[in-house]
Amino acid sequence: MSNRIEDLEIYTLSEAFADEIWFLVTTWDYFTKDTIGKQLTRSADSISANIAEGFGRYHYKENKNFCYFSRGSLIETKSWIKKSYTRSLITGDQYKALLSKLELVHIKLNAYIKFIGKMTND
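No gaps in the numbering here: position 102 of the sequence shown is 121 in this note's numbering, and each next residue is one more.
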């Protein structure tokens, strides 16, 4: 495993997703940004932040725990995206595209957690 977080695909994917959420939310009006926007942005940012924190711990069990926190943030983000769509803040196409990207992050995160689990058994 690399010593650089930037070499971890799940990290770069989740960072890119969080940036996309950020730039989307910045176009919303004040009330929307202040309510759903802040929650959505924080949960999306938390996905990669927890991956990074776990990676920096250098202990596989701690890393795995932080990945579980990341997965929780991912599911929370999915909920905020659904609310954004239901409340007509994003279009159906945006909703589908965001969920598709989030699903890829979810699949990659689960694979990373499984990989870390194998490392703890060594």
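Every residue, glycine too, gets a C-beta built ideally from N, C-alpha and C.
Here's the rule: buried if 16 or more other CB atoms are within 10 angstroms of the residue's CB, otherwise exposed. What is asparagine 78? According to the sequence shown, residue 78 is histidine rather than asparagine. Exposed.
Mark aspartate 141 as exposed unless 16 or more other C-beta atoms lie within 10 angstroms of its C-beta, in which case mark it buried. At aspartate 141, the pLDDT of 48 sits below 50, so the modelled position is not reliable; the number obtained from the coordinates is stated separately. Exposed, by the Cβ-count rule.
DSSP-derived helix/strand/coil call for tryptophan 99: helix
Report the three-state DSSP secondary structure of tyrosine 77 (helix, strand or coil). coil
Just how far apart, CA to CA, sit glutamine 113 and phenylalanine 88? 26 Å
At what residues does the alpha helix (DSSP H) containing threonine 31 begin and finish? 28-44
Are the CB atoms of asparagine 82 and arginine 76 within a distance shorter than 8 Å? yes
Hey, how far is the Cα of serine 92 from the Cα of lysine 52? 19 Å
Tell me which residues share the same chain as alanine 63 and place their Cβ nearer than 7 Å to its Cβ, disregarding the 5 neighbours each side in the sequence. Phe36, Ala37, Ile40 and Thr96
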